[in-house]
Every structure is written in C-alpha cells, then in structure tokens.
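First the structure, in the form of structure tokens, and then the observations on it.
Protein chains in written order, with this note's numbering: chain E, 103 to 537; chain U, 90 to 688.
Structure (structure tokens):
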C-alpha cells in the first residue's frame with residue numbers, strides 16, 4: 103500500500119512545483135477565495151518585515167497570524183514553498199494513517215456486533231467488507247493532495263495548509279488513542295484558528311469509547327476522564343499562549359488574532375457568509391448579529407454530540423464541515439479538509455439522494471466565483487450582489503451536502519438494526535421519510 | 090426540502106421527467122429560440138438614468154465647420170508631406186490652441202504579419218493634448234480620440250478634433266480635464282496609449298510612457314470621419330470581449346441626435362418605424378442580430394472597444410457619407426460632441442446608474458439582462474434535463490469499476506484543444522520552412538489543419554484502460570454535457586451573445602448524440618454545428634443581415650480573414666474568443682464526437 107501513496111505524493115509535489123514556477127502562482131495568491139485576511143501569505147510577509155524591524159508585527163493591523171507561525175517562517179522564509187509542500191504531504195500521510203486505523207476499528211466493531219447478533223438478519227449487503235475498505239485510506243490521501251482546492255491553497259502559500267496539518271495530526275492522535283498528543287494538537291489547532299475548539303467533543307467521545315468508558319452523566323469514571331482530557335487540553339493551551347507571550351513579550355496577538363476572528367472587522371469578500379451581511383448592516387445592529395453568527399458555529403456541537411455519540415469520527419467530519427462553512431474567514435483550503443473525508447463514507451453512497459446535483463452545484467460555483475469577481479471588480483458590469491449570490495449558492499450546496507451525508511448515515515444505522523426490508527404494521531413495505 | 094427528501098414524490102417526479110424527456114427537451118429548446126426572437130418586439134424604450142446629465146440644460150454655441158475643414162486640409166497636406174503621422178505639426182497646432190501637448194512613441198512586433206492591414210513591425214507615435222480644467226483639480230478627465238490611419242482616412246476627424254479643442258479652450262466651465270488624442274496605427278496606437286496612461290503592460294507592447302497625465306478618465310468618444318459632409322452618424326457600442334458601455338452614454342448621444350436632427354444609425358441600420366409592424370420587427374431583429382454577431386466575435390468594434398476594459402465608458406461615432414439627399418456639415422457633429430462633453434462634464438460620479446448588460450434592437454430600445462437571460466436559461470435546461478436522464482438509470486454495479494477509463498478521451502480532447510491553441514502561432518516558423526506559404530497563411534492553414542485532424546483522432550481511446558463498462562458512453566456523454574453547461578453558464582455572464590450562439594448550435598447535437606443506430610444524420614448534425622463551421626456560417630449570416638449577401642467564395646475569404654484577425658486580436662488586445670473556442674468549446678465538441686463513434 104505504500105507504493106501507491108508514494109506515487110500520489112510524487113504527483114502532488116510535481117503539480118505544486120510546476121505551479122510555483124508558472125505565472126499562475128501570482129494570480130492564485132491574489133484570489134479572495136484562496137487567501138483570507140487571516141492566512142494570506144502577503145500578510146505573513148508584512149508581519150515578518152515588521153518583526154525584522156523590531157516592531158510588533160501586530161502594530162500594522164495587517165498581520166493576523168499567530169506568533170508561532172511568524173517565528174516558524176522567521177527561520178524558514180527561504181524555504182517557504184518547500185514548507186507548504188511538506189505540510190500538505192504530512193497532512194495527507196496523517197489522514198492516511200488515521201483512516202487506516204479507523205478502518206480497523208470499524209471492522210472490529212462490525213465483527214463484534216455481528217457476533218452479538220445486534221444487526222438485523224437481512225443487512226448483509228450493508229456490511230462493509232475489507233475489500234471495499236482497502237483503498238479508502240489511499241483515496242483519502244488522493245482526495246486531499248490532488249484536490250484543486252488544496253493545490254491552489256498550497257500554491258498561494260495560504261497558512262490554512264498549516265492549520266489543516268495540525269487538525270490532521272490531532273485526528274491521527276485521537277484515533278491512535280493518545281489522549282495527551284490529541285489534547286496537545288487540539289490546543290494547537292485552537293490556538294491557530296479558534297474554531298477547532300468544537301472538535302473537543304468528538305475527540306472526547308472517541309477516546310471514551312476507546313477506553314470502554316460508558317457515556318453516562320452519572321458515572322464517575324466518565325467525569326474523571328473528561329476532567330483529565332479537559333485539563334490536558336487547557337494546560338497545553340495555556341502553555342502555548344504563554345510561549346507566544348514570551349516570544350513577543352506582549353499580549354498584542356490576543357486581540358489581533360482572536361479578536362479579529364470573532365468580531366469580523368475585515369469585510370473583504372470571501373466564500374463565507376459574513377462579509378456581505380455585515381457590509382450591508384447598520385452599524386448599531388452589527389454587534390448583536392456578530393454574536394448570532396458566531397454562536398451559530400458552536401451551536402451545533404451539542405445536538406450533534408447527543409445524536410452521534412456512538413460515531414465520534416463521523417461527528418468530527420460533520421463538525422469540520424460546519425466550521426468550514428460558518429467560520430468568519432473561510433477559504434477553499436478549509437473546504438478541502440472535510441472533502442478529503444468523503445471517501446471514508448463511500449458506503450453511504452446508496453443512501454445519498456442529491457449527491458450528483460450537489461457536486462454539480464459545487465463545481466459550477468467554483469468556476470463562477472472568478473467569473474463574477476471579474477464582472478464585478480474588473481469589468482464593472484456586475485456588483486457585489488452577483489458575487490454574494492454565488493457565495494450563498496456555494497454554501498447552501500455545502501450545507502445540503504452535509505445534511506445529505508448526515509441523513510444517509512442515520513438511515514444506514516437504522517437499517518442495520520431494524521433490517522433492510524421494513525414492513526408497516528399492515529404488512530406492506532415501508533419507507534423511511536425525513537419529516 | 091419536502092420535495093427532495095420525500096422518496097415517493099421524488100420517484101414520481103423522476104419518472105415523469107424520464108418519460109417526457111425528449112418532448113420536454115425539444116420544447117425547452119424551441120422556447121429558448123422563440124424567446125430570443127421575440128426580444129425585439131418586447132423591448133422597452135431607453136431612458137436617461139443619470140440625474141447629473143438628465144436635468145441640466147446645455148446650449149451649444151460652437152460653429153466649427155469651416156475651421157475644422159481648414160485644419161483637416163492642413164493636416165492632410167502635412168501627412169502627405171511627411172508620409173505618415175505629422176507629429177511635429179500636430180504638436181505645434183495643439184500648442185498654439187493652448188493645450189498641454191505630449192507625445193508617446195511605441196513599437197510592437199506582431200506575432201505574425203497582419204494581412205488585412207499589411208503590417209508586421211509597427212512603429213508609431215501618439216500625440217495628445219490636455220486641456221486643464223479651470224474649475225477643478227486634475228482628478229477626472231474626458232477624452233476625445235481619433236484613431237489615425239494610413240492614407241487620407243480620418244483626416245476630417247482630426248480637423249474636427251482640433252477645431253473642438255480650440256473652441257473648448259475658450260470656455261470656462263470645464264470641471265474635468267479634456268484630453269484630445271490622435272493615435273497612429275489606429276487600434277495599436279490606442280492600446281499602447283491606454284496601457285501607458287494606466288502604467289500597465291498587458292500585451293507586451295513597447296511604449297515610451299505617458300509624460301503628462303490628466304485625471305481618471307470618466308468617458309471617451311472615438312471619432313471616425315473621412316468626408317467633408319456627412320449624411321448620418323453610425324454609432325458602435327460593442328467592445329472587447331463583448332463588453333458594452335453604460336447605456337446612459339448611448340442614450341445621451343441619441344438624445345443629442347434627436348435634438349439636432351442628426352440622422353444616426355446603429356449597425357448601419359436606420360431606426361425601424363415606430364409601432365407594431367412586420368417590417369419594423371424585421372428591421373429590429375436584423376439590427377439586434379448584427380449586434381449579437383458583433384458582440385459574440387469579441388473584437389473591439391472600434392477604438393472605443395479598448396477603453397471598456399479599463400472601465401472607461403466609450404463610444405465610437407462614425408461619420409457616413411452615402412447617397413442620401415440631406416447632408417450635414419461638420420459643424421452639426423461638432424455641436425453634438427460639444428453638447429455631450431458639456432453634459433459629461435456635469436457628472437458627479439462615474440456612469441453607473443444605467444445598464445451595463447444589454448442588447449439593442451434599435452437606438453431607442455433596449456433589451457436588458459433580465460429579459461434576455463431566460464433565452465439561454467431555457468437552452469441550458471435542455472442540458473440539465475439530458476444529464477438527468479443519464480443519472481435516472483445508473484448501472485450501479487458497473488459504476489464500481491472506477492472511472493479511470495474516462496481519462497484517455499478527456500486527455501486526447503483536451504490535448505487537441507491545447508494543440509489548436511498553441512501550435513499555429515508557435516509553429517509558424519517550422520511551417521514556413523517546410524511549406525511554400527507565407528507566415529500569415531501558415532498560421533491560418535495550420536489552424537484549420539489541426540482542427541480537422543482533431544476530428545480524425547482515435548475515437549475509442551476509452552479502451553486503452555481496462556474496466557470500461559459497456560454503457561460507459563453514457564458517463565462520457567454526461568461529462569460532455571456538464572462541461573458544455575459549465576462553459577455556457579460562464580459565457581452567459583461574460584459574453585451573452587457568444588454563449589447564446591454556442592448554445593443554440595451545440596445544444597441540439599449534445600442532447601441528441603448517442604452511439605449505435607444510424608450514425609450518419611447525427612454525424613452530419615455534429616459536423617454542421619462544430620464551432621469552426623459555426624464561425625463560417627456566422628460570416629454568411631452577417632453578410633445576409635447587412636443585406637449584402639456574399640457568395641461562398643467571398644465568405645470563405647472573409648472566414649480566413651476572421652480566423653487570422655481572431656488570433657491577432659488575442660495577442661494584440663487580449664480578446665478571449667480564440668482561447669475560449671480552442672480550450673473550451675472545441676474539446677467539448679470532440680467529447681461529443683467521441684460519444685458518437687463509441688464502439
């Protein structure tokens with residue numbers, strides 16, 4: 103299995119290296135879909151310049167990356183392209199290993215449940231076979247590395263690639279069952295972009311499941327483990343933040359990074375839902391709606407945790423998608439991360455309803471973004487409404503895609519326990535309907 | 090979500106769509122065409138939206154006729170003496186008129202010789218004078234341009250420009266700088282000047298920078314005039330890549346024409362008679378057809394076409410001298426220009442109130458984006474319905490085999506497109522070495538050769554990779570349909586006319602194509618609608634609409650000329666037509682061709 107992975111990695115690196123040398127690199131780096139105010143390479147360079155001059159990089163109101171990133175590139179600026187390529191490859195390898203391990207877990211669990219007779223008798227065709235699962239890790243790596251979104255993100259040197267890498271390592275650590283590393287990487291991811299905070303819940307659920315601790319609010323061991331994990335997480339977060347403080351010797355980065363993420367002062371158009379809304383709104387309502395929009399990102403965690411407490415990895419996938427849709431400065435790099443997980447759920451294919459239409463919508467939107475941007479900014483014949491219309495369509499497409507997967511997942515679980523051929527009370531064939 | 094998530098409802102809908110697929114497709118296609126044909130009949134009247142230009146009154150006081158003619162004669166004489174652009178004389182004259190005068194030299198080597206204009210290595214000098222606004226800082230400007238040409242073409246236009254400059258110098262009410270520009274080598278000079286003025290280099294032209302600047306140019310008028318008297322003025326709106334200026338600018342011109350009684354035509358057509366009538370409708374449809382063809386071509390329809398890319402609203406006015414009885418002097422056109430500049434001088438913001446996306450069935454009526462878009466939408470619906478049919482009965486077991494077999498057909502089609510795009514211009518040296526042809530001929534012939542050769546490429550490339558299902562052509566067709574729909578959607582926004590023409594020709598074969606059965610009618614349909622042949626038919630249609638039908642031989646010559654010009658325009662001005670056709674429409678069509686010859 104290693105040989106195809108190496109082949110994929112080689113192909114991915116070749117494509118990136120070729121694009122770095124082409125004239126497209128500058129064009130891609132300027133695209134608002136690829137580079138947000140948070141992670142644009144231009145801003146990192148600006149921050150570095152300020153740092154070299156002995157000024158706080160946050161004094162210019164341009165730079166919004168974290169201190170660790172700026173110190174990373176302080177030493178590696180000469181090799182930036184290499185760093186981004188390696189980051190992408192590391193992400194893909196981490197995802198590959200994580201999914202490989204996850205497949206084993208799924209298989210074991212399935213076997214156990216079959217032996218315990220928990221499944222209905224006629225669901226043989228729903229059971230995942232090792233043959234089917236064999237290529238899934240490779241497909242995940244392929245989906246991540248050769249996804250045009252990832253490639254563009256890498257070519258634009260968007261620091262989103264680094265965030266993705268941290269999250270991928272967090273997933274790997276969680277699936278391998280290392281609570282300490284998982285907490286550390288989760289803290290790093292939170293430190294980088296705040297929103298991965300919500301991944302705490304699925305990670306905790308997964309680790310609990312792995313330790314065979316029942317998820318009951320009254321059980322003592324549940325609370326003990328939760329406290330352990332939470333304190334590990336908080337301690338590492340505090341350590342990282344203090345480290346940042348000692349690096350720069352000031353707390354400037356807290357308002358500049360997290361304040362910037364939460365209060366959304368930069369309304370440059372992007373593929374998210376914030377910019378147009380707040381550009382149009384009267385100033386005195388904006389605080390209220392900023393709160394509403396931000397709570398929206400975190401809000402889904404609790405109901406999802408209740409519904410998917412048996413399936414923490416699927417929960418993680420849905421949560422990643424929600425973050426990338428509703429975060430304040432999304433880029434296509436964020437979208438690429440959750441798209442990489444789609445092959446893991448390929449067994450849901452027969453339950454998906456609109457996958458064809460939705461993938462068409464997403465592809466069409468990806469092409470229409472630059473077209474409408476051209477009409478708005480260069481030709482002057484369209485306006486911001488045109489661009490926002492596409493942003494809305496793109497996000498609705500993503501939301502429908504995720505709900506389609508969610509519904510398909512729930513249906514499959516239902517069929518597994520109740521049998522594929524449901525009958526009504528009067529003996530006729532029944533059908534599951536979402537009401 | 091109810092409709093989408095309720096399985097029973099969905100199934101019923103899908104079954105209905107499947108059963109009625111063909112009639113629905115035919116209906117939708119015909120509805121799209123009918124919608125388009127009805128547009129001229131339903132077009133509303135144009136109106137001026139910009140308050141700054143609408144409510145203010147201006148009186149035109151100039152009488153420039155005799156002075157313009159004298160200056161034109163002088164210019165002509167000096168031009169003959171120098172044997173080119175009389176730069177010194179122009180500078181001197183403009184200086185004497187009280188303008189701030191600058192010159193801008195430029196040079197450009199064309200990618201291959203331009204046979205229509207007989208030029209290859211181009212060197213020239215643009216001359217322009219700036220009239221500084223007495224009432225404001227130099228933050229905004231208006232521009233009057235005469236694209237200078239070889240021979241005595243546009244001499245009178247230069248005369249009128251100079252006379253107008255002299256008159257405007259005497260007035261105190263200017264709040265925007267006026268730039269009077271005379272370019273050499275018409276569009277090449279204009280492109281060089283625009284790039285230098287905005288300090289960018291888009292097309293690899295060598296130019297000597299613009300030493301003096303006025304403010305941001307708000308609007309520009311290009312003037313072409315080669316006779317001492319004129320019978321009518323033709324106005325050109327279509328610019329590079331199908332962009333058109335803000336409708337307000339055109340309405341402004343039209344209202345001045347109505348005021349001064351100047352006869353103005355659009356696309357060489359007189360205004361159609363008012364009221365609902367058969368001949369009136371036919372005339373409107375012809376005019377709109379010509380505009381659609383011009384816009385779809387994507388070339389600059391005059392010197393103004395290059396300004397639109399820089400977000401400068403611009404028009405070209407062409408003085409026509411035909412056999413009509415009633416003639417006007419240059420003074421009439423001069424007054425119209427003066428009036429337009431005075432109105433534009435009142436602008437408080439750049440022109441943005443009115444439409445940027447429209448078609449014109451006549452100068453007094455317009456079709457806005459909201460009315461014409463459904464026509465293309467209905468054509469696209471056919472593709473959606475057809476791809477739905479492909480999805481309706483998927484062979485799920487076969488689909489498991491992977492999609493790797495799709496790669497060779499896609500690569501071959503894309504490669505043919507890339508070859509078509511790159512080889513003719515890059516390989517001209519090789520072609521001229523080995524064949525007895527000139528460079529320009531070599532380019533055009535190579536273009537045709539590669540195009541035809543692409544059709545003869547192997548059509549069963551899917552068998553190079555194992556695992557292709559027997560009904561794999563449906564997947565390939567689905568892919569072709571999606572690619573075509575994507576192309577048309579993007580074009581609908583960028584250049585509606587091109588999108589609609591491509592849609593009207595490519596949608597029927599895309600919907601109908603399938604392997605097996607009688608291939609001949611389908612093959613004929615596909616060949617007839619191939620983008621190359623569509624271009625040829627468009628040339629024929631244009632002559633037909635101009636009421637000057639061309640024979641096949643003449644049309645062929647024009648077609649060859651159009652190919653050469655299309656390639657040149659991409660390199661000289663950045664027109665998108667040839668890359669779009671080579672890299673978008675042609676590979677799409679080749680995929681359909683592949684489906685037809687599926688074995």
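All C-beta atoms, glycine included, are put in the ideal place defined by N, C-alpha and C.
Per DSSP, reduced to three states, the secondary structure at residue 207 of chain U is coil, with no helix or strand assignment. In this structure the segment 406-424 of chain E does not touch the segment 116-133 of chain E; the number of beta carbon pairs closer than 8 Å is below three. Three or more beta-carbon pairs separated by less than 8 Å are not found between the segment 239-257 of chain U and the segment 291-301 of chain U, which leaves the two stretches without contact. For secondary structure counted as the alpha helix (DSSP H) over 4 or more consecutive residues, the segment 156-221 of chain E holds these complete runs in sequence order: 169-178 and 182-217. Using a Cβ-Cβ cut-off of 9 Å, residue 455 of chain U is close to nothing in chain E; its nearest Cβ partner there is about 14 Å away. DSSP places residue 525 of chain E outside any alpha helix (DSSP H), giving it a letter other than H or E. Note on residue 201 of chain E: 16 or more other CB atoms within 10 angstroms of its CB, so buried under the neighbour-count rule.
Positions of the beta strand (DSSP E) runs, each at least 3 residues long and wholly inside the segment 266-340 of chain U, are given as 266-272, 305-313 and 321-325 in order along the chain. In terms of beta-carbon proximity, residue 176 of chain E stays away from the interface with chain U, with every pair separated by 9 Å or more. Contact of residue 579 of chain U with chain E is assigned, a C-beta pair being separated by under 9 Å. Contact annotation: in the segment 440-465 of chain U, residues whose CB is within less than 7 Å of a CB in chain E are 445 and 446.
Under DSSP, residue 218 of chain U forms a beta bridge with U/190 and U/269. By the Cβ-count criterion, residue 265 of chain E is buried, with 16 or more other Cβ atoms from all chains shown falling within 10 Å of its own Cβ.
Contact annotation: residue 471 of chain U and residue 114 of chain U have beta-carbon atoms nearer than 9 Å. Using a Cβ distance threshold of 9 Å, residue 589 of chain U and residue 446 of chain U do not count as a contacting pair. At least one C-beta of chain U is nearer than 9 Å to the C-beta of residue 455 of chain E. A residue is called buried once 16 or more other Cβ atoms fall within 10 Å of its Cβ, and residue 525 of chain U, having fewer, is exposed.
Each of U/320, U/131, U/523 and U/647 was checked against the Cα of residue 415 of chain U, and the nearest Cα belongs to U/320. For residue 400 of chain U, the neighbours in chain E by C-beta distance under 8 Å run, in chain order, 480, 481 and 482.
Rounded to whole angstroms, the gap between the alpha carbons of residue 618 of chain U and residue 327 of chain U is 25 Å. Identification of residues in the segment 579-609 of chain U having a C-beta nearer than 8 Å to some C-beta of chain E yields 579, 582 and 583, given in sequence order. In the structure shown, residue 149 of chain E falls within a helical segment according to DSSP collapsed to helix, strand and coil. DSSP, reduced to helix, strand and coil, places residue 245 of chain E within a helical segment of the structure shown.
Interface criterion met: the Cβ of residue 332 of chain U is under 9 Å from a Cβ in chain E.
For residue 355 of chain U, the enclosing beta strand (DSSP E) begins and ends at 353-355.
Proximity of residue 449 of chain E to chain U, defined by a Cβ-Cβ separation below 9 Å, is not satisfied. The alpha carbon of residue 298 of chain U has as its nearest neighbour, out of U/304, U/282 and U/307, the alpha carbon of U/282. Look at the beta carbons and you see the segment 286-295 of chain E touching the segment 265-276 of chain E: at least three pairs across the two are nearer than 8 Å. Around residue 511 of chain U, no beta-carbon contact reaches into chain E at under 9 Å, the shortest distance being about 15 Å.
Cα atoms of residue 408 of chain E and residue 107 of chain U: separation of roughly 41 Å, rounded to the nearest angstrom. When Cβ-Cβ separations below 9 Å define contact, residue 99 of chain U makes contact with chain E. In the three-state reduction of the DSSP assignment, residue 402 of chain U falls in the strand class, which pools E and B. Collapsing the DSSP output to three states places residue 455 of chain U in a strand.
DSSP, read as helix, strand or coil, puts residue 601 of chain U in helix.
Against residue 469 of chain E, the close residues of chain U are 575 and 579, in the order they occur along the chain (beta-carbon pairs closer than 7 Å). Counting every other CB atom within 10 Å of its CB across the protein chains shown gives residue 475 of chain U a total of 16 or more, marking it as buried.
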